Amino acid sequence: MKTAMLAIIQKDFRGVTSNKRLLTALLVVPLALTIIMPSIFVLAIHFTPDDPDFQKLLALLPPAAQTASLELSAVGLIFNYILPSFFLIIPIMTASIMAASAFVGEKEKHTLETLLYCPLSVKQIFRAKVMASFLLSMMVSLISFCAMVLVLELETFLLMGRLLRPDVNWLVILLLVSPAISLIAVTLIVRGSAKAQSVEESQQSAVFLIIPVVLLMAGQFTGAMLLNAWILLGLGALCALLAWILLKKSMTRFTYEMLLSAE
67 MKTAMLAIIQ KDFRGVTSNK RLLTALLVVP LALTIIMPSI FVLAIHFTPD
117 DPDFQKLLAL LPPAAQTASL ELSAVGLIFN YILPSFFLII PIMTASIMAA
167 SAFVGEKEKH TLETLLYCPL SVKQIFRAKV MASFLLSMMV SLISFCAMVL
217 VLELETFLLM GRLLRPDVNW LVILLLVSPA ISLIAVTLIV RGSAKAQSVE
267 ESQQSAVFLI IPVVLLMAGQ FTGAMLLNAW ILLGLGALCA LLAWILLKKS
317 MTRFTYEMLL SAE
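Under the numbering used here, the letters of the sequence shown match residues 67 to 329, in that order.
Next up, the structure:
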């Protein structure tokens, strides 16, 4: 990777970390999804273990995932089958914060011309913008996962005297599905940012990317479909292929004229 591309990535990172409003938005939603909501689930299961909704969900678990303790089975269900879907939505929401302002932010700050004068082709600039947002979304996802595991393990140990055992689903989510979905979101949002007239307009397009994930999460919560490792592998492979195709096509169609005509 060229030094100029690294400089663009570092500049985009500084633009987020130095802006308190963006940094707050970047942290609040992931923390709410991975710490506050799971903690509510654990407390609800501990104090109301006979809730009919939990009983219906537990009936869908494979025999290997069920334990002698009803509470641990219910928490394991939440941890290994429902919470992973949160890590499909976190990369999209994180990407929308930085990627949405990738080029339209440069236009608003009148620094686009300076960016275009750097010793990189427009395709390399596009790739650097995509890489910056992708790396940020992966960092937020990893930090969120570590914080969630730490808090949940502590809560379950204090309340139930046992530790949770992460399922193989987490490995597939963190290494394949989440990065693939993040790359799809980043590519589409960065490309849209080049045509948008404002950051708000660019962020609005990101909302439509969340809808399929929300529907998938609804299926998890209602028990209509619990994702196993094989389904996740298939979904990850499909998303990875789609991400590669989108990135290649977007780079091919990305030109100076596209950027300058949108000003």
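Heads up, the beta-carbon is just placed ideally off N, CA and C, and yes, glycines get one too. The structure presented is a predicted model; accordingly, all values stated were derived computationally and were not measured.
H112 is the residue among H176, Y147 and H112 whose C-alpha sits nearest the C-alpha of R228. Rounded to the nearest whole angstrom, the C-alpha separation of I239 and Y183 is 39 Å. Counting along the chain, I101 sits inside no alpha helix (DSSP H), nor does DSSP assign it H or E at all. Between L181 and I191 a beta carbon distance of about 7 Å is seen, short of the 8 Å cut, so the two are scored as contacting. Residue environment for M159: buried (at least 16 other C-beta atoms within 10 angstroms of its C-beta). The residues V217, L218 and E221, in chain order, have a CB closer than 8 Å to that of S105 in the same chain once the five nearest residues on each side in sequence are set aside. Taking the C-beta atoms as reference points, D233 is found nearer than 8 Å to N146. Annotation for F223: L229 place their beta carbon closer than 8 Å to its own, counting only its chain and skipping 5 residues before and after. Apart from sequence neighbours up to five positions away, the residues of its chain that approach A246 with a beta-carbon distance below 7 Å are G302, C305, A306 and A309, ordered along the chain.
L249 sits in a helix when the DSSP states are folded into three classes. Leaving aside the five residues that flank S316 on each side, the residues in its chain whose CB is nearer than 6 Å to its CB run, in chain order, T253 and R257. The three-state secondary structure of Y147, taken from DSSP, is helix. DSSP, read as helix, strand or coil, puts D78 in helix. I255 and L93 have their C-alpha atoms some 20 Å from each other. Taking the Cα positions, A251 is about 12 Å away from M197.
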